[in-house]
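Residue numbers for the sequence shown follow our numbering, so the first one is 2 and each next one is one higher.
The beta-carbon is built from N, C-alpha and C at its ideal position, and this holds for glycine as well.
Report on one structure; see the data block that follows.
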Amino acid sequence: MSTAGSMSVNAKDKRSPNQLDFVHVSDAEFDLQSWPFYWIIRANNAYLNTLESVLKRDQLDIPRWRVLMLLFGQRARSVTYLAEEAIIKLSTMTRIIQRMEREGLVQSRPRQTDNRVTEVLLTPQGDQARRRAQQAAFDVFALAFDGVSGQQIAALNQTLGRVLSNLSEKN
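Laid out in C-alpha cells, this is it:
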C-alpha cells in the first residue's frame with residue numbers, strides 16, 4: 002500500500018482523508034471540502050449565528066439558552082453540571098448564572114445534601130423564556146434540516162457520536 006507522500010499528484014484525483022493512507026495539510030491532493038471538520042465547523046457556526054439572531058428577539062443569547070435547555074423539566078442542576086454540559090468554563094458559568102438570577106430567570110441554592118454544591122433551578126419567568134427559546138431552536142432546526150430525512154439525521158447523529166467517542170478516548 003502506498004503512502005500519501007508517494008501518490009501521484011493529479012488535480013482530478015481529489016480524495017477524501019478516508020481514501021488516503023495519511024494526509025498532510027500541505028499535500029497537493031488534499032481537498033479542504035473533503036475534510037469533515039471543515040463542514041462541521043461551518044455548519045456549527047451557521048447554526049449558532051442563526052440561533053443567536055433568533056434568540057435576540059427574546060433578549061437571550063447562546064449561553065443563557067444552553068442553561069435554559071439544561072434546566073428543562075424543572076430539575077435542579079449543579080453549576081458544575083451546567084458548565085460541563087454547556088462546554089463553558091466553570092467561572093464563566095457562575096457569572097452567567099449570577100446574571101440570569103438578576104434577570105429573574107433562575108434561582109440558586111445550596112444543595113440540601115451537600116452545602117458545597119450550588120444548585121440552579123428555573124423560575125416561572127425562566128420557564129417561560131425556556132419555552133420561547135425552545136421554540137426558536139426548533140424553528141432553526143427545521144430550517145437547517147429542510148430536505149434531510151429522519152434516517153439521514155439519525156445517521157449523522159450516529160456518525161458524530163462515533164467521532165466524539167473516538168476523540169474522547171484519546172484524551
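Near residue i, which residues of its chain fall below 6 Å by C-beta distance, leaving aside the five closest residues on each side in sequence?
| i | result |
| --- | --- |
| residue 159 | none |
If we ignore side chains and look at the alpha-carbon of each, how far apart do residue i and residue j end up?
| i | j | result |
| --- | --- | --- |
| residue 42 | residue 33 | 12 Å |
| residue 71 | residue 119 | 15 Å |
| residue 100 | residue 140 | 26 Å |
| residue 148 | residue 105 | 39 Å |
| residue 11 | residue 29 | The predicted position of residue 11 is uncertain, since its pLDDT is 44 and thus under 50; a value taken from the coordinates is nonetheless stated next. Looking at the two C-alpha atoms, the distance is approximately 8 Å. |
| residue 108 | residue 162 | 33 Å |
| residue 151 | residue 116 | 44 Å |
| residue 124 | residue 69 | 10 Å |
| residue 96 | residue 82 | 15 Å |
| residue 57 | residue 165 | 30 Å |
| residue 79 | residue 102 | 14 Å |
Quick test of your reading: residue i and residue j, contact by CB under 8 Å. State the CB separation rounded to the nearest angstrom.
| i | j | result |
| --- | --- | --- |
| residue 77 | residue 122 | 5 Å |
| residue 133 | residue 59 | 5 Å |
| residue 61 | residue 138 | Rounded, the Cβ-Cβ distance is 11 Å, inconsistent with contact. |
So, for residue i: in the same chain, excluding its five sequence neighbours on each side, which residues have a beta-carbon less than 7 Å away from its beta-carbon?
| i | result |
| --- | --- |
| residue 146 | 154 |
- Query: Unbroken beta strand (DSSP E) runs of length 3 or more, entirely within the region 45-123: which are they?
  - Reply: Listed in chain order, they are 107-112, 115-123.
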